[in-house]
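FYI, the numbering for the sequence shown is 74 to 328, going by our numbering.
The beta-carbon is built from N, C-alpha and C at its ideal position, and this holds for glycine as well.
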Amino acid sequence: MIRPWVRADLVAVHVPVIAPGTCTRTGTQSRQDVSSERGPLARVDSTSRDGRSRAQGVSRRDQPRRSSFPSPPGVGCVLTLVDGIFTFRIPFPHLRSGLSGGQSIMELREFFSEDVVKLDLESATKDDVLKEMIGLLQLDEKSESILYKMLKRRENLGSTGIGKGIAIPHCRSLVVNRLRVAFGRKPGGLDFRAIDEQPVRNIFLIVAPPLEVSNQYLPVLGKIAQFSKEQDVPTRLEQISTSREFLSLLEEKRI
74 MIRPWVRADL VAVHVPVIAP GTCTRTGTQS RQDVSSERGP LARVDSTSRD GRSRAQGVSR
134 RDQPRRSSFP SPPGVGCVLT LVDGIFTFRI PFPHLRSGLS GGQSIMELRE FFSEDVVKLD
194 LESATKDDVL KEMIGLLQLD EKSESILYKM LKRRENLGST GIGKGIAIPH CRSLVVNRLR
254 VAFGRKPGGL DFRAIDEQPV RNIFLIVAPP LEVSNQYLPV LGKIAQFSKE QDVPTRLEQI
314 STSREFLSLL EEKRI
């Protein structure tokens, strides 16, 4: 039986020193050997059929480290690494359920606070807006620089402007140890190369570590997309005047 697969939105992962990893599944385990930081570009495909991996241009130096990318019980995945960008492909029923393995996911309101909401973004370009949004997370200068590069890589793969004046830049990075979110509004909008080619006025930022115990990254990404598709949300986001009103809107929708 052929199983349908979808790509989990080109999840970008920051790996300062590219190290070997594993994609662990119930009853089978696959391993990837990837290049060192100075080695050639490696592309690795791990399949759930037989657990074997293939690599080209692989440089093996020193004793490899190992990390695990858990998937739900009985669910396979395909993990591709190209120059520090991981792409996960998972069966679409589990993408819809947010890879939560049956765990309850908090409502969107619980991830936001007033200090990560800015209703008057000052930047005039997409790149500067990304930097301004990162600033809401209050990271150190080096972490902000790393995170900006990862978000830029993700945007180069395809704009996160989903239409109706909304964008959801997102990535995974080791500069955070838990899922972080922020919201910014740009009065008048700016060019974000959105899918509908319209200016973007409302921006949701999502950053998560490469590994999560609670698997919140994809569910939160899905919740924000669902929230944005509510018929009255774009208009109401334009009308709010305080961070508290934004949080109240999230609470009202109970997504």
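Boundaries of the beta strand (DSSP E) harbouring K259: 253-263, taken from the DSSP string. M206 counts as buried, since at least 16 other C-beta atoms from the protein chains shown sit within 10 angstroms of its C-beta. V249 has its alpha-carbon roughly 6 Å from the corresponding atom of P282. Setting aside the 5 residues that flank it on each side, E187 is surrounded in the same chain by S316, each with a C-beta closer than 6 Å to its C-beta; the list follows chain order.
Within the model, the alpha-carbon separation for V202 versus L194 is close to 7 Å. Taking 9 Å as the cut-off, the Cβ atoms of L263 and F184 do not count as close. If you check the CB distance, L210 and F300 do not come in under 9 Å.
Apart from sequence neighbours up to five positions away, the residues of its chain that approach L278 with a beta-carbon distance below 6 Å are M206, P242, A255, ordered along the chain.
At least 9 Å separates the beta-carbon of L284 from that of S246.
Of the other Cβ atoms in all chains shown, fewer than 16 fall within 10 Å of the Cβ of T308; this residue is therefore exposed. For G234, no alpha helix (DSSP H) run applies; the uninterrupted beta strand (DSSP E) run containing it begins and ends at 234-236, by DSSP. CA-CA distance, L323 to T233, rounds to 21 Å. By a beta-carbon distance limit of 8 Å, P272 contacts G238. Their separation comes to about 7 Å. Cβ contact annotation for E217 (same chain, cutoff 6 Å, sequence separation greater than five): I207, in chain order. Beta-bridge analysis with DSSP links V280 to C244, R253.
Take I313, set aside five residues on each side of it, and the residues of its chain with a beta-carbon closer than 6 Å to its own are F319, in chain order.
In terms of CA proximity to V306, N275 leads the group N275, V293, Y290, E214. Counting only residues of its own chain and dropping the five nearest sequence neighbours on each side, K296 has a CB closer than 7 Å to the CB of L181, I328. Nearest to G257 by alpha-carbon distance, out of K215, R266, K225, A240, is A240. By the C-beta density criterion, L230 is exposed, having fewer than 16 other C-beta atoms within 10 angstroms. Excluding sequence positions up to five before and after I268, its CB lies within less than 8 Å of the CB of S232, G234, I235, G236, all in the same chain and listed in chain order.
The residue among E228, E311, K204 with its C-alpha nearest the C-alpha of L192 is E311. Under the three-state reduction of DSSP output, V273 falls in the strand class. When beta bridges are read from the DSSP output, K191 appears opposite G257.
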